[in-house]
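A.B. asks:
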Amino acid sequence: NAGVTQTPKFRVLKTGQSMTLLCAQDMNHEYMYWYRQDPGMGLRLIHYSVGEGTTAKGEVPDGYNVSRLKKQNFLLGLESAAPSQTSVYFCASSYGQTNQPQHFGDGTRLSIL
Amino acid sequence: GDSVTQMEGPVTLSEEAFLTINCTYTATGYPSLFWYVQYPGEGLQLLLKATKADDKGSNKGFEATYRKETTSFHLEKGSVQVSDSAVYFCALRAYGQNFVFGPGTRLSVLP
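Residue numbers (my numbering), protein chains in the order written: chain A, 1 to 113; chain B, 1001 to 1111.
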């Protein structure tokens, strides 16, 4: 009963370092999403994917890249981390139909020093 | 574009009090509406949903009715518990569009 699994759960980086956040879902969902959550800012969509091999920009895509090589995985990359990217990152997935909800992972807490 | 407005709180209630968290929306067409709950240190969990006008979603004592005439989806619970302390998000999804979330409402229930 895994649902959406995010790896790692916590990470501390130095400015300029790179890293990849992994999201995996076992529900055969077509759509996958990456959000960031900051105090007072709610959830902001970074990138999303509507199927294997496709990606699209969300509300705040700058400084991030994504890939969806397999249907069950959605990777979020930071090429050169900046302190402004300190945040909690959530991955979510859903079916394509409008009446279907998103399912969220437990988040990755990322600090950039 | 589509949007969701909800009271930001924080809302502080005593145990067994009645809860209402207001949510109104703006959307083209007929969106599906959702309430999510986020407990400290966790991701968002679906609490309930409604997919057409006059539908009532319910779960764990929480209820919300899809009111198309007032474009609202207010969350209610008759008697809150300390364990209901969390952040509650109202959200919508319109056809062919991404999910749109409200800013969240923090609820604190005191014993």
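Ideal Cβ positions, reconstructed from N, Cα and C, are used throughout, including at glycine.
Fair warning: this is a prediction, and the values are worked out from it, not measured in the lab.
1) According to DSSP, is A/S87 helix, strand or coil?
2) My output table needs one value for A/D26: the three-state DSSP class, helix, strand or coil.
3) Which same chain residues, not among the five before or five after A/P101, have their C-beta less than 7 Å away from its C-beta?
4) Hey, is B/F1099's beta-carbon within less than 8 Å of any beta-carbon in chain A?
5) Using a C-beta cutoff of 8 Å, does A/F74 count as contacting chain B?
6) Can you pull the chain B residues whose beta carbon is under 7 Å from the beta carbon of A/G16, in chain order?
7) On the CB-based measure, 16 or more other CB atoms within 10 Å of its CB, does B/F1062 come out buried or exposed?
8) If contact means a Cβ-Cβ distance below 7 Å, which residues of the segment 2-28 of chain A contact chain B?
9) Check the Cβ of B/L1075 against every Cβ in chain A and list those closer than 9 Å, keeping chain order.
10) With a 10 Å radius around its C-beta and 16 neighbouring C-beta atoms as the bar for buried, classify A/K57 as buried or exposed.
11) Which residues of chain A have a Cβ atom closer than 8 Å to the Cβ of B/K1049, listed in chain order?
12) Indicate the three-state DSSP secondary structure (helix, strand or coil) for B/D1084 in the structure shown.
13) Within 8 Å of any Cβ in chain A, is that where the Cβ of B/S1095 sits?
14) So which residues of chain A does B/G1009 contact, with C-beta pairs closer than 9 Å?
15) Three or more C-beta pairs under 8 Å: does that hold for the segment 1004-1020 of chain B against the segment 1095-1111 of chain B?
16) To the nearest whole angstrom, what separates the beta carbons of B/E1016 and B/S1085, a pair I think is in contact under 8 Å?
17) Cβ of A/D106 less than 8 Å from any chain B Cβ?
18) Across the segment 34-44 of chain A and the segment 62-79 of chain A, are there enough close Cβ pairs to call them in contact, namely three or more that are closer than 8 Å?
19) Out of curiosity, what's the CA-to-CA distance linking A/P61 and B/P1111?
C.D. replies: Judging by the given coordinates:
1) Looking at A/S87 - three-state DSSP - the assignment turns out to be strand.
2) Coil at A/D26, not helix or strand.
3) Cβ neighbours of A/P101 beyond the five flanking positions: S94.
4) Yes, its Cβ sits closer than 8 Å to a Cβ of chain A.
5) The beta-carbon of A/F74 is placed no less than 8 Å from the nearest beta-carbon of chain B.
6) Against chain B, the beta carbon of A/G16 has no neighbour under 7 Å; the closest one sits roughly 29 Å away.
7) B/F1062 comes out buried.
8) Close to chain B, meaning a Cβ-Cβ distance shorter than 7 Å, is no residue of the segment 2-28 of chain A at all.
9) Per Cβ cutoff of 9 Å: no residues; B/L1075 is ~15 Å from chain A at best.
10) Classification of A/K57: exposed, given that the 10 Å Cβ count is below 16.
11) What B/K1049 touches in chain A: N99 and P101.
12) In this structure, B/D1084 counts as helix in the three-state DSSP scheme.
13) Note that residue 1095 of chain B is Tyr in the sequence shown here, rather than Ser. For B/Y1095, the answer is yes, since a Cβ of chain A falls inside 8 Å of its Cβ.
14) By Cβ distance, chain A contributes nothing, its closest Cβ being about 12 Å from B/G1009, past 9 Å.
15) At 8 Å Cβ cutoff, the stretches touch.
16) Not quite, the Cβ-Cβ distance comes to about 14 Å (not below 8 Å), so this is no contact.
17) Output row for A/D106: interface = yes.
18) Below 8 Å, enough C-beta pairs join the segment 34-44 of chain A and the segment 62-79 of chain A to call them touching: three or more.
19) Using only the alpha carbons, I get a separation of about 43 Å.
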